[in-house]
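Enquirer:
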Amino acid sequence: MSDRSALLDAVPHIQHGFGSKLALLPGHLLPYSATLPEKKQVHGTRIVDVLQPAQACGEADGFYTRQPGILLSVLTADCLPVLFSRRDGSAIAAVHAGWRGLLDGILEQMAARIRQDGDTADWVVSIGPAAGPCCYEVDEALVESFKQRLPLPATLISPHYRHLDLAAIAEYKLAALGFAAVDRAGSCTICTPDVDPQRPQRFKYTSHRRNSHRRAQDPTHPGIKDRNQYAGIIIATG
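Numbering (the UniProt record's numbering), first residue to last: 1 to 238.
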């Protein structure tokens, strides 16, 4: 069972889900995998309008469509997957937002795209599994960059010394941008355990940070290539 958003579950005509190690792409979205846009995520702020299945999008970290039957997704392994939907299910979007994207304004760029067709007040948003403030330790210079560049409470940005709360930063931004409601699905990708004793995985999610630590200790430990989890959303047909 994939992580799900209560807000998005209440929207008609759409399906969505946030992946984990058990199912990188949630099983109920697998039938739509051939429609996935081709893209290269680069921690940027470019938003692409997706108009046809399997569209070549180039380098991009945000995707928007009003077309039914096209699965929008972003790949993450500690960064924020953010899924958007109009409350009537007539338009959807997805964003990959790491610390660079949050600082450089990818959420603001998506809000600007949405406003071309209407009002952010007609949309709801879900923030998926990502590195949590419990584990996401960075250098003090990066924390200071956030405090200087973003008009947010310092304790919201960094609730603990040298730790960033990416989801709280995103949620604050989304509220300020006028979205109707925001929720969070999933938990920390770095430390959340896999609680099913029948499965060999120790952790629920793929984590770039955790994997990097393991590889520093053991260079033979495999990387995360092809093991990022998908967050996906689609306007269903039929």
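Cβ coordinates follow ideal geometry from the N, Cα and C atoms, glycine included.
Quantities reported herein were computed from a predicted structural model and do not represent experimental measurements.
1. Looking at the structure shown, is Leu71 part of a helix, part of a strand, or coil, going by DSSP?
2. If distances are taken between C-alpha atoms only, which option among Gly17, Asp119 and Ser207 comes closest to Ala94?
3. Quick one: measure Cβ to Cβ for Tyr172 and Leu152, integer angstroms, because I've assumed they're closer than 8 Å.
4. Using C-beta distances below 7 Å, list every residue in its chain close to His221, excluding the 5 sequence neighbours before and after it, in chain order.
5. Taking Cβ to Cβ, would you say Val82 is nearer than 8 Å to Ile127?
6. Could you spell out where the beta strand (DSSP E) holding residue 239 opens and where it closes?
7. Please classify Ala33: is it buried, with 16 or more other beta-carbons within 10 angstroms of its beta-carbon, or exposed?
8. Go ahead and pull the three-state DSSP assignment for Ala77.
9. Ala91 to Leu51, Cα distance in whole Å?
10. Determine which residues share a DSSP beta bridge with Arg149 and list them.
11. I'd like to confirm the pairing. Which residues does DSSP put opposite Ile169 in its beta bridges?
12. Could you check what DSSP says for Ala60 in three-state terms: helix, strand or coil?
13. May I ask which residues mark the beginning and end of the beta strand (DSSP E) holding Ser126?
14. Please look up how many angstroms separate the CB atoms of Tyr230 and Leu24, rounded, as I've assumed it's under 8 Å.
15. If you check the beta carbons only, do Arg100 and Glu137 fall under 8 Å apart?
16. According to DSSP, which residues form a beta bridge with Asp226?
17. Is DSSP giving Arg100 helix, strand or coil here?
18. Tell me whether His43 sits in a helix, a strand or coil according to DSSP, three-state version.
19. Based on the DSSP output, what are the partners of Pro193 in its beta bridges?
20. Tell me which residues share the same chain as Ser145 and place their Cβ nearer than 8 Å to its Cβ, disregarding the 5 neighbours each side in the sequence.
21. Could you spell out the range, first to last residue, of the alpha helix (DSSP H) harbouring Gln109?
22. Grab me the residues of Lys204's own chain with a C-beta within less than 7 Å of its C-beta, minus the 5 sequence neighbours each way, in chain order.
23. Less than 6 Å between C-beta atoms, sequence neighbours within five positions excluded: which residues of the same chain meet that for Arg113?
24. Note down the Cα distance separating Glu108 from Ile70, rounded to an integer number of angstroms.
25. Label Gly58 either buried or exposed according to how many other C-beta atoms from any shown protein chain fall within 10 Å of its C-beta, with 16 as the threshold for buried.
Expert: Judging by the given coordinates:
1. coil
2. Answer by Cα proximity: Gly17.
3. 5 Å
4. Arg214 and Arg215
5. Judged by beta-carbon spacing, Ile127 lies within the 8 Å limit of Val82, meaning their Cβ atoms are closer than that value.
6. The requested residue 239 does not occur in the structure, where the chain is confined to residues 1 to 238.
7. Looking at the sequence itself, residue 33 is Ser, so the reference to Ala does not match. By the Cβ neighbour-count rule, Ser33 is exposed, with fewer than 16 other Cβ atoms within 10 Å of its own.
8. coil
9. 12 Å
10. The partner list for Arg149 (beta bridge, DSSP) is empty, contrary to what the question assumes.
11. Note: Ile169 sits in no beta bridge, so no partner.
12. Annotated three-state conformation of Ala60 is coil, per DSSP.
13. Trp123 to Ile127
14. 6 Å
15. no
16. Residue pairing by DSSP places Asp226 opposite no residue, since no beta bridge is assigned to it.
17. helix
18. coil
19. DSSP lists Phe203 as partners of Pro193.
20. Leu103
21. Ile106 to Arg115
22. Ser20, Lys21, Thr192, Pro193 and Asp194
23. Ile47 and Tyr64
24. 23 Å
25. Counting Cβ neighbours within 10 Å, Gly58 comes out exposed, since fewer than 16 surround it.
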